[in-house]
Amino acid sequence: MIDENLLPARLQTIVEAALRGLSDKGIAAELNLSVHTIDTHWRRLRDIFQAANRAETIAKYLAWRHEQTLTTLQREVEERRMAEERLQEANERLTEAIKERDKLYIQVAEAAAQQNWKMIDERERLVKTEMAAEASGTILYEGEFGGGWRKYWVTRNMEQLGYSVEDFVSGAIRVSELIPAEDLVSTFSLTNRAVERGDDSVVTYYRIRAADGSLRWFRDRMTLIRDEHGQPVRYFGAGTDVTELAERLDSSFLLHPRPDER
0 MIDENLLPAR LQTIVEAALR GLSDKGIAAE LNLSVHTIDT HWRRLRDIFQ AANRAETIAK
60 YLAWRHEQTL TTLQREVEER RMAEERLQEA NERLTEAIKE RDKLYIQVAE AAAQQNWKMI
120 DERERLVKTE MAAEASGTIL YEGEFGGGWR KYWVTRNMEQ LGYSVEDFVS GAIRVSELIP
180 AEDLVSTFSL TNRAVERGDD SVVTYYRIRA ADGSLRWFRD RMTLIRDEHG QPVRYFGAGT
240 DVTELAERLD SSFLLHPRPD ER
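Position 235 of the sequence shown, counted from 1, bears residue number 234 in numbering that gives the first Met the number 0, the numbering being contiguous throughout.
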């Protein structure tokens, strides 16, 4: 196979022009070159493709172009496969880490429901979890279910988006205001479905607009805390920035997580 570096763009342009039916004179006029220069380029092309004449040169060029296209497609398919594998591995690691945090969240919620003062000890453990989350870049949060999804507590990692913790705790900014409409519809749909099914948690993917205007992809796992009637009243969650992985893939599929993640 001929190395693409040995076939400059100018030579490719000449062959493509010939394929469009242009004569050497027409090619020269189009490229603002002399006919003699065009003839010199054709001789170089014959040498590169080791062709006896112009017809054979064009035939071998077409075969080379087809092979280049196949090689490019194969490379793109392989890159996509590898990116998907990396995302899968990252999701598996994150799922395991979140399972451990979910256990802690449930313990804290149960203590609060029973008005158990041991919740203070659990809070201390939660602080340790927050410190670990800050090191990993994960955003932890706690809030009131429905009614605008007001946040009681958000970790300082929210500042990586250019907002302060106070912005969300005070209600000055709501996360739903920063999520594009398409993502918001998908997120609410999956959350409502989880509530109706009685699920304890739900995984969603969505974009958040940072303070500088850029969009960042997040994987969010929310754990629902229900009252004695089974109705969700509070929630804990963990959001992890997966922008780098999402950009390697067709990110539209992130709005529809696999069944095992819901």
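C-beta atoms are modelled at their ideal positions from N, C-alpha and C, and glycine is treated no differently.
Since we're looking at a predicted model, the values are computed, not measured.
Taking the beta carbon of residue i as the centre, do at least 16 other beta carbons fall within 10 Å, making it buried, or is it exposed?
i	result
N115	Confidence at N115 is low in this model, with a pLDDT of 47, below 50, so its placement is unreliable and the value that follows should be read with caution. When all chains shown are included, N115 counts as exposed.
V184	exposed
S33	exposed
L177	buried
D182	buried
H40	buried
G142	buried
E15	exposed
P258	Unreliable placement is indicated for P258, whose pLDDT of 45 sits below 50; no coordinate value is reported for it.
A54	exposed
May I ask you to list the residues that DSSP assigns as paired with residue i?
i	result
S262	Past the edges of the chain, shown from 0 to 261, lies residue 262, and the structure says nothing about it.
L160	Answer is none; L160 lacks a bridge partner.
I26	For I26, which the question treats as bridged, DSSP gives no partner whatsoever.
F217	Y205, D240
I263	There is no way to answer for residue 263, as the model of the chain reaches only from 0 to 261.
W152	E141
Terminal residues of the continuous alpha helix (DSSP H) containing residue i?
i	result
A8	8-18
A177	Rather than Ala, the amino acid found at residue 177 in this sequence is Leu. Residues 174-177.
D38	34-48
D166	164-168
Helix, strand or coil: which one does DSSP assign to residue i?
i	result
L21	coil
F144	coil
T68	helix
L248	coil
A62	helix
N191	helix
D101	helix
D182	helix
N90	helix
A171	coil
E227	coil
Tell me where the beta strand (DSSP E) around residue i begins and ends.
i	result
T264	Residue numbering for the chain in the displayed model covers 0 to 261; residue 264 lies beyond these limits and cannot be assessed.
Assuming residue i contacts residue j (C-beta within less than 8 Å), just tell me the rounded distance between them.
i	j	result
R218	L93	7 Å
G161	A210	3 Å
V174	P231	Their Cβ separation, rounded to whole angstroms, is 17 Å, which puts V174 and P231 out of contact at 8 Å.
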